[in-house]
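Residue numbers (the UniProt record's numbering), protein chains in the order written: chain A, 1 to 224; chain B, 1 to 224.
Backbone N, C-alpha and C fix where the C-beta goes; we use that ideal spot for every residue, glycine too.
Number of protein chains: 2
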Amino acid sequence: MSEDGVQEGAQEGAREGAQGRRGGRRQERGRRRMEQILDAAEEVVAEQGFEDTTTNAIAARAGVSPGSLYQFFRNKEEVLDGLVERYTATSREFWSTRLSDGTARMSAEELVRSVLTGVSEFKTRRPAFWVLFHGSAASPRLERVASSIRADIGRRLTEVFLLRAPGADPARMELLAAMCIATVQGVFPMVMEAGEERRAEIVVELTRMLAGYLGPEIGAEPPA
Amino acid sequence: MSEDGVQEGAQEGAREGAQGRRGGRRQERGRRRMEQILDAAEEVVAEQGFEDTTTNAIAARAGVSPGSLYQFFRNKEEVLDGLVERYTATSREFWSTRLSDGTARMSAEELVRSVLTGVSEFKTRRPAFWVLFHGSAASPRLERVASSIRADIGRRLTEVFLLRAPGADPARMELLAAMCIATVQGVFPMVMEAGEERRAEIVVELTRMLAGYLGPEIGAEPPA
DNA sequence: TCAAAATACGAGCGATCGCTCGTAAAAGCA
DNA sequence: TGCTTTTACGAGCGATCGCTCGTATTTTGA
Numbered sequence: 001m002s003e004d005g006v007q008e009g010a011q012e013g014a015r016e017g018a019q020g021r022r023g024g025r026r027q028e029r030g031r032r033r034m035e036q037i038l039d040a041a042e043e044v045v046a047e048q049g050f051e052d053t054t055t056n057a058i059a060a061r062a063g064v065s066p067g068s069l070y071q072f073f074r075n076k077e078e079v080l081d082g083l084v085e086r087y088t089a090t091s092r093e094f095w096s097t098r099l100s101d102g103t104a105r106m107s108a109e110e111l112v113r114s115v116l117t118g119v120s121e122f123k124t125r126r127p128a129f130w131v132l133f134h135g136s137a138a139s140p141r142l143e144r145v146a147s148s149i150r151a152d153i154g155r156r157l158t159e160v161f162l163l164r165a166p167g168a169d170p171a172r173m174e175l176l177a178a179m180c181i182a183t184v185q186g187v188f189p190m191v192m193e194a195g196e197e198r199r200a201e202i203v204v205e206l207t208r209m210l211a212g213y214l215g216p217e218i219g220a221e222p223p224a
Numbered sequence: 001m002s003e004d005g006v007q008e009g010a011q012e013g014a015r016e017g018a019q020g021r022r023g024g025r026r027q028e029r030g031r032r033r034m035e036q037i038l039d040a041a042e043e044v045v046a047e048q049g050f051e052d053t054t055t056n057a058i059a060a061r062a063g064v065s066p067g068s069l070y071q072f073f074r075n076k077e078e079v080l081d082g083l084v085e086r087y088t089a090t091s092r093e094f095w096s097t098r099l100s101d102g103t104a105r106m107s108a109e110e111l112v113r114s115v116l117t118g119v120s121e122f123k124t125r126r127p128a129f130w131v132l133f134h135g136s137a138a139s140p141r142l143e144r145v146a147s148s149i150r151a152d153i154g155r156r157l158t159e160v161f162l163l164r165a166p167g168a169d170p171a172r173m174e175l176l177a178a179m180c181i182a183t184v185q186g187v188f189p190m191v192m193e194a195g196e197e198r199r200a201e202i203v204v205e206l207t208r209m210l211a212g213y214l215g216p217e218i219g220a221e222p223p224a
């Protein structure tokens with residue numbers, strides 16, 4: 001090592017991909033800090049909305065100086081990208097556990113209801129998820145983020161549909177999935193704004209609409 | 001006037017309301033300027049999005065100084081409120097012409113298709129409408145605006161439903177209308193982003209979904 | 001033990017944006 | 001014609017926000 005000093009060149013390529021300062025070998029402490037910052041971002045986005053979220057507010061919520069935040073994220077957008085990454089990872093687990101068991105045997109209505117309650121739970125656990133999922137025609141930045149989240153969910157849902165209708169055209173199933181996701185995106189705010197009993201009523205409506213829509217193509221095989 | 005310098009104290013009370021538009025003894029020229037400013041706001045919102053729209057940009061687009069803008073609108077939000085007001089007025093015409101004729105005789109599918117093409121046209125004529133209608137969970141301000149627009153459309157649509165199903169429960173029809181509006185809000189971005197032929201395909205899907213949902217309660221009376 | 005790297009701080013820079021203010025020209029009214 | 005009101009201007013104030021920079025502390029690795 002004494003020869004020339006510079007010998008870290010071999011390493012720097014490995015890490016640079018995701019986020020934060022380039023070429024940096026991150027310590028355990030740093031990785032924890034990044035999670036803290038993302039947790040804080042989650043809270044602030046859920047409370048203030050996407051556009052009103054400031055980096056200083058995120059840093060303060062995380063109990064960290066603005067400078068420290070930029071130690072790990074190059075700019076505000078990268079923080080949001082970090083949130084999205086966490087969501088898609090979590091959503092991956094969510095769907096796999098929810099689809100591994102007997103979804104193929106469910107009626108379309110049971111399937112829809114099961115997924116809807118799942119989404120509802122997820123939204124409670126991750127308050128900012130809905131904001132990023134819903135997106136907005138008003139904000140190009142947010143829409144970019146939202147459509148990437150929806151695309152990921154679309155892929156999962158397409159798999160489920162193909163599992164239930166093995167002979168079907170994949171492109172067709174993709175379209176059905178996209179329609180369902182868009183519909184839920186549109187209707188879910190109603191669910192959230194409504195009171196407790198009203199909420200159940202709307203979920204019933206949404207279930208009826210989607211089950212009716214999917215039924216002919218994704219309906220359960222007759223249990224005979 | 002030279003006597004004491006300070007003698008405008010008697011006037012200042014009258015001044016407070018005049019700034020904005022409250023006690024509006026507005027001249028013809030002023031009313032035209034307001035329309036110009038709203039036109040400019042329409043363009044800028046459609047191009048930049050809701051949050052990225054600045055009052056200075058609106059003024060510049062309208063060919064007016066920032067000061068002049070604030071001669072007519074007390075703040076940014078009032079400009080957006082003005083846009084919404086124009087929309088609800090235009091939407092009033094839109095619905096009344098679209099509902100005055102034989103909507104009661106149409107099948108649910110025809111009705112849905114007719115409304116959808118209408119919305120599509122409207123969106124082309126008023127580019128910023130979609131932005132304000134779609135709203136966003138990410139922006140409390142925008143959501144306020146959007147929900148007021150949706151509420152107005154909801155009232156119109158409820159009327160149509162009641163016209164087609166005179167015996168039905170009004171509250172029930174209101175719920176159906178809200179569901180339809182939310183669904184369209186969710187799915188329409190897909191329509192807009194898609195290419196020409198793809199677009200028709202999605203509209204067919206949306207029509208099928210809504211017609212299937214409404215059919216049992218709003219379907220046409222048997223023509224027999 | 002010690003230098004390099006990673007982590008941490010926080011004041012504040014530069015840019016933006018909503019909006020004001022002093023001023024002055026056009027329009028209504030006597 | 002004069003006086004008031006409305007319309008018009010545009011530089012710039014005050015506040016905010018994303019982000020930087022100089023510096024100090026902790027951890028790593030040899």
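Given residue i as reference, the closest of the options once Cα atoms are compared
i: ARG92 (chain A); options: A:ARG199, A:ILE153, A:THR158; result: A:ILE153
i: VAL26 (chain A); options: A:GLU109, A:SER114, A:ARG105, A:GLN71; result: The amino acid occupying residue 26 (chain A) in the given sequence is Arg; Val does not appear at that position. The residue with the shortest Cα to Cα distance from ARG26 (chain A) is A:GLN71.
i: PHE73 (chain A); options: A:THR124, A:GLU174, A:GLN36, A:ARG172; result: A:GLN36
i: GLY49 (chain B); options: A:GLU205, A:ALA178, A:SER139; result: A:SER139
i: GLU43 (chain A); options: A:ARG33, A:ARG31, A:ALA57; result: A:ALA57
i: VAL119 (chain B); options: B:GLN185, B:ALA41, B:ARG29; result: B:GLN185
i: ARG86 (chain A); options: A:PRO170, A:ARG29, A:ALA41; result: A:ALA41
i: VAL45 (chain A); options: A:VAL79, A:SER68, A:ARG32; result: A:VAL79
i: LYS76 (chain A); options: A:SER96, A:ARG32, A:SER65, A:THR54; result: A:THR54
i: ARG141 (chain B); options: B:ASP81, B:ASP39, B:VAL64, B:THR117; result: B:ASP81
i: VAL64 (chain A); options: A:TRP95, A:ARG32, A:LEU111, A:GLU47; result: A:ARG32
i: ARG155 (chain B); options: B:ASP39, B:ALA171, B:LYS123, B:GLY167; result: B:ALA171
i: PRO66 (chain B); options: B:PHE94, B:GLU47, B:MET34; result: B:MET34
i: SER114 (chain B); options: B:VAL131, B:TRP130, B:PHE94; result: B:PHE94
i: ALA168 (chain B); options: B:GLU121, B:VAL203, B:GLY219, B:PHE122; result: B:GLY219
i: ALA165 (chain A); options: A:GLU28, A:GLU121, A:MET106, A:GLU201; result: A:MET106
Burial state of residue i, where buried means 16 or more other Cβ atoms lie within 10 Å
i: LEU163 (chain A); result: exposed
i: SER136 (chain A); result: buried
i: PRO189 (chain B); result: buried
i: THR207 (chain B); result: buried
i: GLU197 (chain B); result: exposed
i: GLU143 (chain A); result: buried
i: THR158 (chain B); result: buried
i: ALA89 (chain B); result: exposed
i: ALA59 (chain A); result: buried
i: ALA211 (chain A); result: buried
i: GLY195 (chain A); result: exposed
i: THR97 (chain B); result: exposed
i: ALA128 (chain B); result: buried
i: ARG125 (chain A); result: exposed
i: ALA62 (chain A); result: buried
The alpha helix (DSSP H) enclosing residue i, as first and last residue numbers
i: ALA146 (chain A); result: 140 to 164
i: GLY215 (chain B); result: 196 to 218
i: VAL119 (chain A); result: 108 to 125
i: ARG25 (chain A); result: Neither: ARG25 (chain A) is in no alpha helix (DSSP H) and is coded neither H nor E.
i: THR103 (chain A); result: Segment: none, THR103 (chain A) is in no alpha helix (DSSP H) and carries neither H nor E.
i: GLY67 (chain B); result: 66 to 72
i: ASN56 (chain B); result: 55 to 62
i: ALA178 (chain B); result: 170 to 193
Within 8 angstroms, strictly: CB atoms of residue i and residue j
i: PHE133 (chain A); j: ALA146 (chain A); result: yes
i: MET179 (chain B); j: GLU205 (chain A); result: yes
i: ILE181 (chain A); j: VAL84 (chain A); result: no
i: GLU51 (chain A); j: GLU51 (chain B); result: yes
i: TYR213 (chain B); j: MET173 (chain A); result: no
i: LEU175 (chain A); j: PHE161 (chain A); result: no
i: GLY215 (chain A); j: ALA108 (chain A); result: yes
i: THR117 (chain A); j: LEU111 (chain A); result: no
i: VAL191 (chain B); j: THR183 (chain A); result: no
Residues that residue i bridges to, as DSSP identifies them
i: SER136 (chain A); result: B:SER136
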